[in-house]
Amino acid sequence: MEFHVYENARAACEAAGVLIAAQITRKGDSVLGLATGSTPIPAYEMLVSWYKRGVIDFDRVRTFNLDEYVGIDEKNPLSYHSFMEEHLFSKVNLRPENVHLPSGRSSLDGVAYDEAIRQAGGIDIQLLGIGRNGHIGFNEPAADFTYGTHVVTLTEDTIEANARFFNSADDVPRQAISMGIGNIMSARCVVLVATGESKANAVYRTIRGPITPEVPASILQLHPCCVILTDREAGKLMTD
Ligand code: GLP
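Written out as structure tokens, the structure is:
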């Protein structure tokens, strides 16, 4: 596990953009695992800017997003479909047939999603944010690690954290569909970005704590190619 601390949040997120751009440069048909949340937005801004300047080309790139809420329409501005459209898909030359997000409309959607990832040859680089409780994707603290894409019930902590995007906590969907820990661990390389003081404890427990499904990100200690990028606040408990 590599760990790098940056002066500010923007620099940490842009560094993740550098790693994704390098992956696309080395392999034009790379398979990207993408994340939502406020943390990765500067990484997407960098990718869009490099695309516009002709530095990277998305023509053959394939993408698979980590997760989506269950029960809200894809066209809803608060869906992760809409988020990705706004921050990346509408701004680069990704082909619509190469873009994938889980949908959670049927109980078989998770199986189909895992199969689509397998058919694409697996994920080359997986971008991750992290929840305050150590969740990755929507893999909440639990008694066991999950394997494939599955429907999850969100914890109160996550509902409260994500309420800022909705009118109130009551409007936050109670369920989501998420890639499992197995999907994330199968990616060839994982880049996790964490910014802000509210993530400091999760970062510490991810890197220094015991590997436990109570802190889902802690399993990344076992990943052979995992890079964790933080700003000073999120990295503040990592003192040596
Ligand atoms: C959501 C997403 C996660 C994301 C987390 C943190 O719960 N499912 O993928 O990492 O929020 O979001 P933020 O970056 O806004 O703090």
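Residues in the sequence shown are numbered consecutively from 499, following the working numbering.
Glycine included, C-beta positions come from ideal geometry on N, C-alpha and C.
- Message: At 4 residues or longer, what runs of the alpha helix (DSSP H) sit wholly inside the region 569-620?
- Response: 578-585, 607-617
- Can you name the start and end residues of the beta strand (DSSP E) that residue 675 belongs to? 673-676
- Query: Any heavy atom of the ligand GLP closer than 7 angstroms to the CB of residue 660?
  - Reply: yes
- Query: Is it the case that the CB of residue 534 approaches a heavy atom of the ligand GLP more closely than 7 angstroms?
  - Reply: yes
- Within the present structure, is the beta-carbon of residue 664 separated from the nearest heavy atom of the ligand GLP by less than 7 angstroms? no
- Run the CB neighbour count on residue 502, radius 10 Å, all protein chains shown included, and call it buried at 16 or more, exposed below. exposed
- Query: Around the C-beta of residue 720, are 16 or more other C-beta atoms found within 10 angstroms, so that it is buried, or is it exposed?
  - Reply: exposed
- Query: Out of curiosity, what's the CA-to-CA distance linking residue 565 and residue 650?
  - Reply: 10 angstroms
- Message: Tell me the DSSP secondary structure of residue 511 in three-state form.
- Response: helix
- So, does the CB of residue 687 fall closer than 8 angstroms to a CB anywhere in chain C? No chain C appears in the structure shown, which is made up of a single protein chain.
- Query: By DSSP, does residue 485 sit in helix, in strand, or in coil?
  - Reply: The structure shown does not extend to residue 485, since the chain spans only 499 to 738, so no value can be given for it.
- Does the Cβ of residue 606 have 16 or more other Cβ atoms within 10 Å, making it buried, or fewer, making it exposed? exposed
- Query: Nearest to residue 652 by CA position, among 710, 631, 547, 603, is which residue?
  - Reply: 631
- Task: State yes or no: is the C-beta of residue 504 within less than 8 angstroms of the C-beta of residue 727?
- Result: yes
- Message: Does the contact criterion of 3 or more C-beta pairs under 8 angstroms hold for the region 604-622 versus the region 522-542?
- Response: yes
- Message: Could you tell me the alpha carbon to alpha carbon distance between residue 725 and residue 666, rounded to whole angstroms?
- Response: 34 angstroms
- Just to confirm, does residue 656 get its C-beta within under 7 angstroms of one of the non-hydrogen atoms of the ligand ADP? In the structure shown, the ligand ADP is absent; the only ligands present are the ligand GLP.
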